[in-house]
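Visitor:
2 protein chains.
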Amino acid sequence: MSLEAVLTRIDDDLDAALERLMSFVRIPSISTDPAYAKDCQRAADWMVADLASMGVEAEARPTQGHPMVVGHVGEGAPHLLFYGHYDVQPVDPIELWHRDPFDPAIEDTEHGKVIRGRGPADDKGQLMTFVEACRAWKAVHGAWPCKITFLFEGEEESGSPSLIPFLATNKEELSAPDMALICDTGMFDRETPAICTMLRGLLGEELVVTGPDKDLHSGSFGGAAINPARVLARIIASLHDNTGRVTVPGFYDGVSELPDEIRAQWDKLGFDADAFLGSVGLSKPAGEDGRSALEQIWARPTCEVNGIWSGYTGDGFKTVLPSKASAKISFRLVGTQDPFAIRKSFRAMVSDALPPDCTVEFKDHGAGPASVMSTERPIFEQARAALSDEWPKEAAFIGGGGSIPIAGLFKEMLELDSMLIGFGQDDDGLHSPNEKYDLRSFHKGARSWARVLDAVTR
Amino acid sequence: MSLEAVLTRIDDDLDAALERLMSFVRIPSISTDPAYAKDCQRAADWMVADLASMGVEAEARPTQGHPMVVGHVGEGAPHLLFYGHYDVQPVDPIELWHRDPFDPAIEDTEHGKVIRGRGPADDKGQLMTFVEACRAWKAVHGAWPCKITFLFEGEEESGSPSLIPFLATNKEELSAPDMALICDTGMFDRETPAICTMLRGLLGEELVVTGPDKDLHSGSFGGAAINPARVLARIIASLHDNTGRVTVPGFYDGVSELPDEIRAQWDKLGFDADAFLGSVGLSKPAGEDGRSALEQIWARPTCEVNGIWSGYTGDGFKTVLPSKASAKISFRLVGTQDPFAIRKSFRAMVSDALPPDCTVEFKDHGAGPASVMSTERPIFEQARAALSDEWPKEAAFIGGGGSIPIAGLFKEMLELDSMLIGFGQDDDGLHSPNEKYDLRSFHKGARSWARVLDAVTR
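Note that the protein sequences, when read in sequence, are chains U and H. Each residue of the first sequence is one higher than the last, beginning at 2 in our numbering. Each residue of the second sequence is one higher than the last, beginning at 2 in our numbering.
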């Protein structure tokens, strides 16, 4: 009966919970842009204050970058560590937003009400589902369900540079929990909750190809001077073969074929590739030949151009022959692919491809291997049952195309297993203009966590 | 003796002439950027006022874009039309300038004093060499050497969109002259003046490749969604074969091998390809295999990437899978290459190369064929002799890699032949940061025009 009371409390408190989320989203905590450093601090302070309002003595602990918010409450087993991130992605191209990304609002859509703005889906609204579940639990019971450690990061969207040093420095404190809960993933579809048990890794690289030592007039020098934009285009074009496979030597070392039982489970999900691609204006899976779209995004590695720039990019025309051409390139990794070996091989491949008179510089934008979760632990099945009670369809163990390096770091540095439960939808527009989070995800997400807390502490 | 008096007058007036040029360069008349429209008007008004100060009643005549400055003075044959442009290139990347581009100054360099800023070489200082020669002539003689029409354009750096309508509307007025003089080219080297008798044409294209209908998270969609930056890179990489030839179908129609007599004349010039490339940090001609650097820049057509952009290009990293990828691409044309046929073929080639789910949009940034001058007219030899009198070495007929479509338009629309004489140097940094114009070019340039005016009116 007490679970019912917590769920009712969540229902009754929804408007206040939304107000809290709105004030959180209003803080433009863009971690990758130094111009927003103070806003990241404000977001950390907001978290500390919000946790304090429900009785958690948390702190915003300084790092070399943005602060870590850490707090401990409660007694008893299991000891759960809850992780989320309070930073958000940049908002550009800002002109494609139909409202100020940091002036969020509830909007009606064909799929119901949504919270529109930068960050409610990734990850402010998601992390608040857990916080709101805890708040309701405490209000109803006057006590916490078990021992809980809160850990909120402010650099997830910028490669988490401070995380490894922070985990190392606070290893004793943070390795005490039995299990980490991470709310930064999505449901399988609007009816089917999911626990993500496979996550792709991420390797981020930036390269700058330099040809002439200054920008040149393409009339005076065109034809005789090497053009680094052309060189970069050739390099990028060479990164995939005509079947969509990545050509970096050794790239597929550690990539296994999907086990038959996983493939069978995924087949049962009835993934609608046409709808998935159709939601973003596409019709055909564009990855490796002969792989389904689901396999391409959950179980296959990729190489993508995330940004490219060279020469004159403003209005009008400028007949410049550029001195430099740059690209940001990322690799999604699966299985036991070694990001450091791939970085080395990629850099060697690019360097070897340079024509005379060109040089290249590389910048490291983070490297994390793929994660595979320990689904044999009973807590996974307990959580799956609890989620199935809340939503119309049975919860599924799924893969995830994105990279949440924290799960790998928890395992590697703290020997801490992670369970990833989230309530995002495919159309949330993560990292895109007009990001939103379904109000239903926020509300039923909080209810879901209450059920999970109940199930794992019963 | 009267020529000597004009030359002396130019020498004595140099400081005042420099002051005039400085105040002209201080006007940021960047024609391609709408933010500087008022500055383009100011530059036109400055020209009108400067011409008025020497007794030329000129007007800044409105067009759909920036004004045309037109004025007529003098009597007698030949009737010369003098053309220059008062607009300048954008200044980005601004961080590479060592001073404010619109706060020009005289600086000492290893090759003597230079005027540093945006525009003294292209084309404000160059056009003022002619104006200063006329001013001195008038001051000494109290009359003009012949009938002169001044025509100064403000859109040369942005494709001259208003020029064709203006020439059409004012055809009767502007086709009266016997010959056009254009000062927007360079010397062969610091000692050797030059008349440019071959100019490459220019075709400017912008393309935007669209894949997904919005920017995507590369984790959620990477592997399954087409990436337009990769598509664009493949298209650009396909525009040249491995010998450096352009692959656009029909591109070389109208491109002839250099006649033996021209090749012999150019060989005699002793062009130092190592020094030319070395001045911009390069060592090897990067164009078509088996062609000299001089041939590559004067006599061979090219295809260059002038700008490319897609996705996230700011600091840090953003794992976006972009919706769009754009490029500005230009073709330098020679002989009788047809820019309109090449545009059509290029667009068809790009469209045919698109994978499923991608679309492309094109933007036209101007098209002009190559120009070949009528060097058999006696005025060319008269001018060549006059230039040879002013400079240490004999003047040469040379080619030009850049594109000055005005010469072709004068011929086509006004049946007016052009003679291109300029005093720029290879290291002027046209279109680049830290553009400069040699003080010697400015001074001896004005003296050169006085000699040319004397020679052709004697």
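Note that the Cβ used here is the ideal one computed from N, Cα and C, for glycine as well. Predicted, not measured: the structure shown is a model, and the values here were computed from it.
In whole angstroms, give me the CA-to-CA distance for residue 450 of chain U and residue 153 of chain U.
Guide: As a working mapping, residue 450 of chain U is identified with position 449 in the first sequence. As a working mapping, residue 153 of chain U is identified with position 152 in the first sequence. Between residue 450 of chain U and residue 153 of chain U, the C-alpha separation is close to 17 Å.
Visitor: What are the boundary residues of the alpha helix (DSSP H) that includes residue 147 of chain H?
Guide: For the purposes of this step, residue 147 of chain H is taken as the residue at position 146 of the second sequence. Where residue 147 of chain H is concerned, there is no enclosing alpha helix (DSSP H), given that its DSSP letter is neither H nor E.
Visitor: Spatial neighbours of residue 404 of chain H within its chain, please: CB distance less than 7 Å, with the 5 preceding and 5 following residues excluded, ordered by chain position.
Guide: Mapped onto the second sequence, residue 404 of chain H falls at position 403. So the list reads 200, 201, 202, 203, 333 and 369, once near-sequence residues are dropped.
Visitor: Could I get the ranges of all uninterrupted beta strand (DSSP E) runs contained in the segment 317 to 359 of chain H, with 3 residues as the minimum, in chain order?
Guide: With a minimum length of 3 residues, the continuous beta strand (DSSP E) runs that stay inside the segment 317 to 359 of chain H are 325 to 334.
Visitor: Just how far apart, CA to CA, sit residue 1 of chain H and residue 250 of chain H?
Guide: With chain H running from 2 to 459 in the structure shown, residue 1 of chain H is simply not present.
Visitor: Whose Cβ in chain U lies nearer than 8 Å to the Cβ of residue 241 of chain H?
Guide: For the purposes of this step, residue 241 of chain H is identified with residue 240 of the second sequence, where counting begins at 1. Here the neighbours are 231.
Visitor: Count the CB pairs spanning the segment 280 to 290 of chain U and the segment 210 to 218 of chain H that are closer than 8 Å, and state whether there are at least three.
Guide: Short answer: they touch.
Visitor: I believe residue 224 of chain U touches residue 308 of chain H by the beta-carbon criterion, under 8 Å. Please report the beta-carbon distance rounded to the nearest angstrom.
Guide: Locating residue 224 of chain U in the first sequence gives position 223, counting from the first residue. Locating residue 308 of chain H in the second sequence gives position 307, counting from the first residue. No, residue 224 of chain U and residue 308 of chain H are not in contact; Cβ-Cβ is about 18 Å, not under 8 Å.
Visitor: So, is the C-beta of residue 460 of chain H closer than 8 Å to a C-beta in chain U?
Guide: The structure shown does not extend to residue 460 of chain H, since chain H is modelled only from 2 through 459, so no value can be given for it.
Visitor: For residue 298 of chain U and residue 425 of chain U, which I take to be in contact (beta-carbon distance under 8 Å), what is that distance rounded to the nearest angstrom?
Guide: Here the question's residue 298 of chain U lines up with position 297 in the first sequence. Here the question's residue 425 of chain U lines up with position 424 in the first sequence. That belief does not hold up - the Cβ atoms of residue 298 of chain U and residue 425 of chain U are roughly 14 Å apart, past 8 Å.
Visitor: Residues in the segment 297 to 324 of chain U with C-beta within 7 Å of chain H's C-beta atoms, listed in sequence order?
Guide: Residues passing the 7 Å Cβ filter: 297, 298, 301, 303, 305, 306, 307, 308, 309, 310, 311, 312, 313, 314, 315, 316, 317, 318, 319, 320, 321 and 322.
Visitor: What does residue 33 of chain H touch in chain U if you count any residue whose Cβ is under 8 Å from its own?
Guide: On the second sequence, position 32 is the one that residue 33 of chain H refers to. In chain order: 315, 316, 317, 318 and 319.
Visitor: Report the option in H:175, H:253 and H:393 whose CA atom is closest to the CA atom of residue 412 of chain H.
Guide: In the second sequence, residue 412 of chain H corresponds to position 411, counting from 1. Nearest option by C-alpha distance: H:175.
Visitor: What does the alpha-carbon distance come out to for the pair residue 3 of chain H and residue 141 of chain H?
Guide: In the second sequence, counting from the first residue as 1, residue 3 of chain H sits at position 2. In the second sequence, counting from the first residue as 1, residue 141 of chain H sits at position 140. Rounded to the nearest angstrom, the two C-alpha atoms are 8 Å apart.
Visitor: Just to confirm, is the Cβ distance from residue 317 of chain H to residue 163 of chain H under 8 Å?
Guide: The residue you call residue 317 of chain H lines up with position 316 of the second sequence. The residue you call residue 163 of chain H lines up with position 162 of the second sequence. No, they are not a contact pair.
Visitor: Hey, out of H:406, H:129, H:88 and H:178, whose CA is closest to residue 29 of chain H's CA?
Guide: By 1-based counting over the second sequence, the position of residue 29 of chain H is 28. Closest by alpha carbon: H:88.
Visitor: Tell me whether residue 277 of chain H sits in a helix, a strand or coil according to DSSP, three-state version.
Guide: In the second sequence, counting from the first residue as 1, residue 277 of chain H sits at position 276. The answer is helix: DSSP assigns residue 277 of chain H an H, G or I state.
Visitor: Reducing DSSP to helix, strand and coil, say where residue 249 of chain U ends up.
Guide: Here residue 249 of chain U refers to the residue found at position 248 when the first sequence is read from its first residue. Looking at residue 249 of chain U - three-state DSSP - the assignment turns out to be coil, as it is neither helix nor strand.
Visitor: Answer with yes or no whether the minimum CB distance from residue 406 of chain H to chain U is below 8 Å.
Guide: Position 405 of the second sequence holds residue 406 of chain H. Not an interface residue.
Visitor: If you draw a straight line from the alpha carbon of residue 118 of chain H to that of residue 49 of chain H, how long is it in whole angstroms?
Guide: Counted from its first residue, the second sequence places residue 118 of chain H at position 117. Counted from its first residue, the second sequence places residue 49 of chain H at position 48. Going by the C-alpha atoms only, they are around 22 Å apart.
Visitor: Name, please, each residue of chain U whose Cβ falls closer than 7 Å to the Cβ of residue 209 of chain H.
Guide: The residue given as residue 209 of chain H occupies position 208 in the second sequence. Correct list: empty, because the minimum Cβ distance to chain U is about 12 Å.
Visitor: Tell whether a beta-carbon distance below 8 Å holds between residue 422 of chain U and residue 384 of chain U.
Guide: Against the first sequence, residue 422 of chain U aligns to sequence position 421. Against the first sequence, residue 384 of chain U aligns to sequence position 383. The answer is yes: Cβ separation under 8 Å.
Visitor: What first and last residue would you give for the beta strand (DSSP E) that runs through residue 114 of chain U?
Guide: Numbered from its first residue, the first sequence carries residue 114 of chain U at position 113. Element bounds for residue 114 of chain U: 113 to 117.
Visitor: Reducing DSSP to helix, strand and coil, say where residue 392 of chain H ends up.
Guide: Taking the second sequence and counting its residues from 1, one reaches residue 392 of chain H at position 391. Three-state result, residue 392 of chain H: coil.
Visitor: State the start and end residues of the unbroken beta strand (DSSP E) segment that holds residue 197 of chain U.
Guide: If you number the first sequence from 1, residue 197 of chain U lands on position 196. Segment 195 to 200, the beta strand (DSSP E) holding residue 197 of chain U.
Visitor: Quick one: grab the DSSP three-state call for residue 220 of chain H.
Guide: In the second sequence, counting from the first residue as 1, residue 220 of chain H sits at position 219. If DSSP states are grouped into helix, strand and coil, residue 220 of chain H belongs with the helices.
Visitor: Can you check whether the C-beta of residue 25 of chain U is within less than 8 Å of a C-beta belonging to chain H?
Guide: Within the first sequence, residue 25 of chain U is the residue found at index 24, counting from 1. Answer no: the Cβ-Cβ gap between residue 25 of chain U and chain H never drops below 8 Å.
Visitor: Determine, for residue 1 of chain H, whether the minimum Cβ-Cβ distance to residues of chain U falls below 8 Å.
Guide: It is not possible to answer for residue 1 of chain H, since the shown part of chain H is limited to 2 through 459.
Visitor: Mind the definition here: the segment 260 to 278 of chain U touches the segment 329 to 343 of chain H only if three or more C-beta pairs lie below 8 Å; say whether that holds.
Guide: Verdict: no, contact absent.
Visitor: By DSSP, does residue 82 of chain U sit in helix, in strand, or in coil?
Guide: Mapped onto the first sequence, residue 82 of chain U falls at position 81. DSSP places residue 82 of chain U in strand when its eight states are reduced to three.
Visitor: On a CA-only basis, which of H:84, H:114, H:293 and H:161 is nearest residue 132 of chain H? Give me that one, please.
Guide: Here residue 132 of chain H corresponds to residue number 131 of the second sequence, with the count starting at 1. The candidate whose alpha carbon is nearest that of residue 132 of chain H is H:84.
Visitor: Taking Cβ-Cβ distances shorter than 9 Å, what residues in chain H pair up with residue 419 of chain U?
Guide: Position 418 of the first sequence, counting from 1, holds the residue named residue 419 of chain U. Correct list: empty, because the minimum Cβ distance to chain H is about 17 Å.
Visitor: Within the 8 Å Cβ cut-off, does residue 171 of chain U reach chain H?
Guide: Working through the first sequence from its first residue, we reach residue 171 of chain U at position 170. Output row for residue 171 of chain U: interface = no.
Visitor: For a quick check, are the C-beta atoms of residue 371 of chain H and residue 183 of chain H less than 8 Å apart?
Guide: In the second sequence, the residue the question calls residue 371 of chain H occupies position 370. In the second sequence, the residue the question calls residue 183 of chain H occupies position 182. No, the pair does not count as a contact, with Cβ atoms beyond the cut-off.
Visitor: Rank H:245, H:170 and H:442 by C-alpha distance to the C-alpha of residue 288 of chain H and give the top, closest one.
Guide: Within the second sequence, residue 288 of chain H is the residue found at index 287, counting from 1. It is H:245 whose Cα lies nearest to the Cα of residue 288 of chain H.
Visitor: I'd like to know if the segment 220 to 238 of chain H and the segment 347 to 356 of chain H are in contact, where contact means that at least 3 CB-CB pairs between them fall below 8 Å.
Guide: Output reads yes: the segment 347 to 356 of chain H touches the segment 220 to 238 of chain H.
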